[in-house]
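> Just so you know, the sequences run in chain order Y and B.
Okay, so the first sequence: first residue is 0 according to numbering that gives the first Met the number 0, each after it adds one.
Okay, so the second sequence: first residue is 0 according to numbering that gives the first Met the number 0, each after it adds one.
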Amino acid sequence: MKVAVAGCCHGALDKMYETLELLQRRHNVRPDLLLCCGDFQAVRNEADLRCMAVPAKYRHMQTFYRYYSGEKKAPVLTVFIGGNHEASNHLQELPYGGWVAPNIYYLGYAGVVRFRGVRIGGISGIFKSHDYRKGHFECPPYNQQTIRSAYHVRNIEVFKLKQLKHPMDIFMSHDWPQSIYHYGNKKQLLKMKSFFRQEVESNTLGSPAASELLQHLKPNYWFSAHLHVKFAAFMQHETKSKEELPKATKFLALDKCLPHRDFLQIIDIEHDPTAGDSLEYDAEWIAVLKATNSLINVTQSSWSVPENNGLHAKWDYSATEEAIKEVLEELNHNLKIPCNFTLTTTCYDPSKPQKNMEPVHTINPQTTEFCAQFGLTDINDRIQQVKEEGSVRGEYEEEEEEMDSSGSAEEPSEYNTDNSGLSSINPDEIMLDDEGGDEDLSTCSVDPSPDHPPEFSASFSDIRIMPDSMAVSSDDAMDSTNEELEKSGVNKQVEEKSLNERPLKRVGGSENGNSGIKIKRRNQAIYAAEDEDEAK
Amino acid sequence: MYRQSFRPPTPPYAGGGFRSPPSGGGGPVPPSPRGYGSPHHTPPYGPWPGPYGGGLSPRGTGFGGGGRFGSPSPGGQTPRRPQSASPRYPASRGGRSPAGAAPHPQQHKRSPGGYQRHYQGSPRTSTPFGTAHGREKRESNDVENYYRPSMLEDPWAGLEPVSVTDINQQYSSSEQTTYTGKKGRYFS
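(1) Can you tell me whether DSSP reads T248/Y as helix, strand or coil?
(2) Check the DSSP bridge columns for M234/Y and list the partner residues they point to.
(3) Which class does W221/Y belong to by DSSP, given the choice of helix, strand or coil?
(4) Name the residues in the segment 13-36 of chain Y whose C-beta lies less than 9 Å from a C-beta of chain B; which are they?
(5) With a threshold of 7 Å on Cβ separation, who are the neighbours of N363/Y within its own chain once the five nearest residues in sequence on each side are excluded?
(6) Assuming W284/Y is part of the alpha helix (DSSP H), what are its boundary residues?
(7) When we look at the beta-carbon of W284/Y and count the other beta-carbons within 10 Å, is it buried (16 or more) or exposed?
(8) With burial defined as no fewer than 16 other Cβ atoms inside 10 Å of the residue's Cβ, what is the status of A224/Y: buried or exposed?
(9) On the CB-based measure, 16 or more other CB atoms within 10 Å of its CB, does T273/Y come out buried or exposed?
(10) Counting only Cβ pairs nearer than 7 Å, list the residues of chain B close to K249/Y.
(11) Is the beta carbon of A109/Y sitting closer than 8 Å to the one on L76/Y?
(12) So, is the C-beta of N202/Y closer than 8 Å to a C-beta in chain B?
(13) Please check if any C-beta of chain Y sits within less than 8 Å of the C-beta of Y170/B.
(14) Which chain B residues sit within Cβ distance under 7 Å of I265/Y?
(15) Hey, does G87/Y have any beta-carbon neighbour from chain B nearer than 8 Å?
(16) In the segment 181-201 of chain Y, which residues sit with their C-beta less than 9 Å from some C-beta in chain B, listed in chain order?
(17) Could you confirm whether any beta carbon from chain B is found closer than 8 Å to the beta carbon of D261/Y?
(18) With 8 Å as the threshold, decide whether the Cβ of M234/Y is near any Cβ in chain B.
(19) Under 6 Å Cβ to Cβ from G25/B, same chain only, skipping five residues before and after it: list those, please.
(20) Does A274/Y come within less than 8 Å of chain B when only Cβ atoms are used?
(21) How many whole angstroms separate the CB atoms of V326/Y and I382/Y, which I take to be in contact at a CB cut-off of 8 Å?
(22) Taking P101/Y as the reference, give the member of F63/Y, I80/Y, L21/Y with the closest Cα.
(23) Any idea what DSSP makes of Q61/Y, helix, strand or coil?
(24) Is there a C-beta anywhere in chain A that falls below 8 Å from the one on E237/Y?
(25) Among S206/Y, L19/Y, L375/Y, which one has its Cα closest to the Cα of V28/Y?
(26) Any idea what DSSP makes of C35/Y, helix, strand or coil?
(27) Give the straight-line distance between the Cα atoms of P50/B and D153/B, rounded to the nearest whole angstrom.
(28) Which same chain residues end up closer than 6 Å to N219/Y when comparing Cβ atoms and leaving out the 5 residues on each side of it in sequence?
(29) Name, going along the chain, the residues of the segment 222-233 of chain Y whose beta-carbon falls closer than 8 Å to a beta-carbon of chain B.
(30) Look at the Cβ atom of H173/Y, then the Cβ atom of G37/Y, and state whether they are nearer than 8 Å.
(31) By DSSP's criteria, S172/Y is part of a beta bridge. Which residues make up the other side?
(32) Taking 8 Å as the threshold (C-beta atoms), are I265/Y and A3/Y in contact?
(33) Determine, for P352/Y, whether the minimum Cβ-Cβ distance to residues of chain B falls below 8 Å.
(34) Let me check understanding here. Comparing Cα to Cα, which of V42/Y, K72/Y, H129/Y, G116/Y lies closest to A86/Y?
(35) Of the choices A73/Y, E70/Y, L34/Y, G10/Y, whose alpha-carbon is the least far from that of M51/Y?
(36) Please tell me whether H84/Y and Q40/Y are closer than 8 Å, where the distance is taken between their beta carbons.
Structural data, given as structure tokens:
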């Protein structure tokens, strides 16, 4: 079957589908499935916009809400993972995945589904070491930390995916697996993105979590986005024995959805012609979810992966054939994912903007149904339980407060440890954080939200819904430089905290935040190139 | 405690800003809740909306015979460009919002934020094809500009598989530098 793969969508669903339509018209190529590798921006209303970690200039309604309301219908089955610019409150409703609109399916924090016999897995978010071991503790309304940490990959999701034994056809991650650039045309990559050079050469660019999964799952295809450049690689995995045939992964990263960018690719994928046309659950994945249900953590406490080191009574949570069979029997061998999309909030109405709409922590009926069917715990329900327990509530909020005051600013950079050779001071840091992205700015302000009443767009952008530190966040503002941006976010946090007379420990230097914490900057060139590449 | 700026001024739902849709509990109700697949929606995997000029010869694809799906129909028609004046979906694609919203204005008719940018320039630069402003809009938003022939080409053409073993050997030293004593720290 033909599968369309897309990089960062950034809410430009119309353009994505129009491009597919053009391919159909011009080449008679019609994909059976569209896979989006994050930054999907399933924004339904103004409250969702508030939950999207993105610079204010990018905070536009875009086009998803029309698909949510039913005004439009996705013309092709669309499956996506989350990135680092999402309506996190919306995606959080579906921790195990679900429909965000008719014909548009979100894979959840981590998920595996099947379509026409093709096994498709994915993990949402981006890697940040300082949040990696935490539970999914965040819930709306987010604060300036949780609006970012909400989309950071957690080790429990990686652990669950690593329990899978059956072969994977396709896997998606928003950020690239670390080291993957060594398996493709690295020269060409660095020609296009010269500011990656240091991290590529030091082998520190990308997500170690995704790399771990890549080595474990060895899928036939791996698709990513995030760095806003098209890059293909061909990786041949190691074998455990000489008798075993080596597996290979074709990796492809794509650009974001903008004119003249390589944001879309049509791939031919072998499928099972006898399989149905519905999106289906994956029995092994469901069995793993059941086996690991007891491991759910909704606190900020670090969770260590069970290992065979004498400290854990159990470390193997993989699904036995019996467990998989049980799942199949529970479902009466009907694995079709029910088309049970339901609206859970009001949809944006351009004629009635609600600029003060507040995000609400919501239990999604799809998740309720899914959990009831398989005996799983709804993470959001658990979060709410914890918060509602009086004695625990104080502790919970105290934890958040603690995080507010110290924050992730104290955490080391993610992808590598200290590397003095990459440390530099970038005098343009804050200015570029705020002002960069001319190309994107023009695109976002003209193309994606043409239906905005001008007064709404203007007024909403002006509203200080979130402090700048939230809006122009580190990993969020610049995909290609998450860790650098984390630092720049820190700088802005510093500014804000300073105003609030709650300085961070690492506050130092001038009031404009141009010194002190920025010493962690690993390269400067990326900021110069930010206008073009940073994106949301 | 909550940050003041994030606390709903008037929590719309009972339970301190926590909502469980089935019970409602007051506050705004989702407009016309209905299940996916209700008669309002077109069936999944149904025909694509909009006109499709089938039978166009593909060009520049890297997929040879086109596989089992989407193979080019015979006829050998010359590829033609779509009507550039109508890059948008036809009106029939959309429909009214279930919430009863007024029809949305046509795309690209105005700038968001109420800021109209004019690129009229001097009269000498004007052409029968419209204002520079209009041309710019078309250039940036025409779906034609989103299309690239490489979308249909094999992205791995010319790539040979690279062995993990080779790369691990090559970069073991740098990895050691970076992760000395901490390999696997993310997963333990």
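Backbone N, C-alpha and C fix where the C-beta goes; we use that ideal spot for every residue, glycine too.
Treat the numbers as computed from the prediction; the structure is a model and nothing was measured.
Checking against the coordinates, here is how it stands:
(1) strand
(2) T248/Y, V161/B
(3) strand
(4) D13, K14, M15, Y16, E17, T18, L19, E20, L21, L22, Q23, R24, R25, H26, N27, V28, R29, P30, D31
(5) E92, L93, G97, T343
(6) 282-290
(7) buried
(8) buried
(9) exposed
(10) W155
(11) no
(12) yes
(13) yes
(14) M150, L151
(15) Per the sequence shown, the amino acid found at residue 87/Y is Ser instead of Gly. With 8 Å as the cut-off, S87/Y does not count as an interface residue toward chain B.
(16) H181, Y182, G183, N184, E200, S201
(17) yes
(18) yes
(19) With a pLDDT of 35 at G25/B, under the threshold of 50, the predicted position of this residue should be treated as unreliable, and no value is reported.
(20) no
(21) Wrong, their Cβ atoms sit about 26 Å apart, outside the cutoff.
(22) F63/Y
(23) coil
(24) You won't find chain A in this structure, because its protein chains are Y and B.
(25) L19/Y
(26) strand
(27) Residue placement at P50/B is poorly supported in this model, since its pLDDT is 36, which falls under 50; the coordinates are not used for a value here.
(28) D168
(29) K229, A231, A232, F233
(30) yes
(31) I122/Y
(32) yes
(33) no
(34) V42/Y
(35) G10/Y
(36) yes
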